[in-house]
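Each remark here refers to the structure printed beneath this line.
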Amino acid sequence: MQRLFSLVPALAAGCLTLCAAESKPTLCVGHYHSEADAVKQLERIAATHSTLSEWKARAGKVRKQILTGANLVPLPRRTPLKPVIRKGKKYDGYSAQPTAFEARPGFYVYGTLYRPLGRKGPFPAVLCPHGHARGPKGGRYREDQQHRCATLARMGAVVFSYDMIGFGDSLHLGWEHTHNQALTLQTWSSIRALDFVESLRYVNKNRIAVTGCSGGGTQTFLLTALDQRVAVSVPVVMVSAHFFGGCHCESGMPIHKTPELETNNAEIAALAAPRPMKLISVGTDWTKNTATVEYPFARDIYSYYGKQSNVEYSHFEKEKHGYDYSKRQAMYPFLVKHIGLDSKGILDPKTGKFDESKTVMETVEQMQVFNEKRPQPAHALKPGSKVAIR
Ligand SMILES: [Zn+2]
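Have a look at this one:
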């Protein structure tokens, strides 16, 4: 009898596993729950830990769920990046070079490598993913993104600005953002973008930051949660406890909710602790409650480490969703402080503003790594291909 009883829980557990495997995964998409339900969920999450070691155990489970849900367990093998770095152009205080590498064999990440001119390295680095805004020109071609990257480079950062799948060069070459591996590929591409900047001999590996807005904010907090090489993060207009991202590249795979664990983007962002993080929010989108909900939640996590001062926020009540001037002005000083950028000659001490007037807006053709004149290598995957992850 003893033996039989001991088998029953095992059988029950087996059934649960089977049932869970057979049922459709739960996706938390967009406004999956209300603002009030989000607050209750954060209370349930907060109740799962009361010490640093308990939080670390919780954080490990959340990380594991993100990786499992994104089909990144086990992590893909790190195949040769085979970077292609074009000559590009030199401007006042910085250069911009069309650059690509292979995140998987034949699957390219396209971007622009911005470098400081007239300064001595090694330099800190900043990864700049972008959001879903299509116009004008979209993605890394947008003026706000070019301003952000050029200004960071002029302050001494090596910056890599890179396309989402189906944006920028990726779109031009025929890939569509509806690709059903978008979440997997973009997360892996961000991890490989860290490998890429680390491979540059003039980069200081201990001072790597990431910042992006909207869908680029999602990429920012996912990468920061998953990879400890990110030293500083600035997710912009995206961290929300009640909104999960509306695109399949943000919430189209079961990273938020399983029978074992529920989480949300406020907790995922807090996995940055104790590394410096700045939340930038506005009153007109899903980040409107940052001051009262997401920031205090993160601060409580940082307090386990005695590092509350490492998490900050800047809130713009009347502004719209995006990474426009005022939000960039809120990000620059945080990166000056935490990765050692040099604002001399760029920060006006009288106005407190960082000068962006030296940015030269490049054309799409200037920014393209590959096009009709400079074709991709023959082994590049055909647009829309299923990408072999393992
Ligand atoms: Zn997307």
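Residue numbers (our numbering): 871 to 1260.
C-beta atoms are modelled at their ideal positions from N, C-alpha and C, and glycine is treated no differently.
Since the model is a prediction, treat every value here as computed from it, not as a measurement.
Residue state for alanine 1136 is assigned as helix, using DSSP reduced to three classes. Beta-bridge analysis with DSSP links phenylalanine 993 to Val1073. Of the heavy atoms belonging to ligand 1, none sits nearer than 8 Å to the Cβ of alanine 940.
Here threonine 1057 has Ala940 and Leu1092 as same chain residues with Cβ atoms under 6 Å from its own Cβ, once five neighbours each way along the sequence are excluded. Measuring C-alpha to C-alpha distances from histidine 1047 to each of Met1237, Glu1120 and His1126 identifies Glu1120 as the nearest. In the three-state DSSP reduction, methionine 1147 falls in the strand class (E or B).
When secondary structure is reduced to three states using DSSP, arginine 974 falls in the strand class. With 7 Å as the limit, the residues whose C-beta approaches a heavy atom of ligand 1 more closely than that are His1002, Met1034, His1047, Ala1052, Gly1085, Cys1117, His1118, Cys1119 and Glu1120, in chain order. By the 16-neighbour rule on beta-carbons within 10 angstroms, tyrosine 1072 is exposed. In this structure, the CA atom of threonine 949 is about 14 Å from the CA atom of alanine 1250. DSSP places proline 968 within a strand segment (E or B) once states are collapsed to three.
Contact between alanine 1003 and arginine 1012 holds, since their C-beta atoms are separated by about 7 Å, short of 8 Å. Relative to the Cα of alanine 1143, the nearest Cα in the group Phe1066, Val954 and Ser1103 belongs to Ser1103. For serine 1103, the enclosing beta strand (DSSP E) begins and ends at 1102-1106. Counting only runs that start and end inside the segment 985-1029, the alpha helix (DSSP H) elements of at least 4 residues fall at 1013-1024. Contact check for proline 992 and phenylalanine 1066: beta-carbon distance about 15 Å, past the 8 Å limit, so the pair fails to qualify.
Taking the C-beta atoms as reference points, lysine 1148 is found nearer than 9 Å to alanine 1200. DSSP places histidine 1185 in the uninterrupted beta strand (DSSP E) bounded by 1181-1186. With the rule of 3 Cβ pairs closer than 8 Å, the segment 1232-1250 counts as touching the segment 953-972. Sorting Lys1188, Ala1140, Asp1014 and Ile955 by C-alpha distance to the C-alpha of arginine 1244 places Ile955 at the top. A straight-line Cα-Cα distance of about 24 Å links aspartate 1170 and glycine 1115. Sequence-distant partners of arginine 974 (beyond 5 residues in either direction) whose C-beta falls short of 6 Å from its own C-beta, in its chain, are Val1257. Ser1031 is the residue among Asp1014, Leu1022, Ser1031 and His1017 whose C-alpha sits nearest the C-alpha of proline 999. When the five nearest sequence neighbours on each side are left out, the beta carbons in the same chain lying within less than 6 Å of the beta carbon of glutamate 1182 are those of Lys1148, in order along the chain.
Contact between histidine 1118 and alanine 1063 is absent: CB atoms are separated by about 21 Å, not below the 8 Å threshold.
Contiguous alpha helix (DSSP H) elements confined to the segment 1162-1232 occur at 1164-1174 and 1195-1209, taking only those with 4 or more residues. Lysine 910 carries a helical assignment under DSSP once its states are collapsed to helix, strand and coil.
Between the C-alpha atoms of glycine 1210 and glycine 1254 there is a straight-line separation of about 41 Å. Just so you know, the alpha carbons of tyrosine 964 and lysine 1214 end up roughly 15 Å apart. Contact check for glycine 1122 against leucine 897 passes: the beta carbons are separated by less than 9 Å. Here glutamine 1089 is buried. Its C-beta has 16 or more other C-beta atoms within 10 Å.
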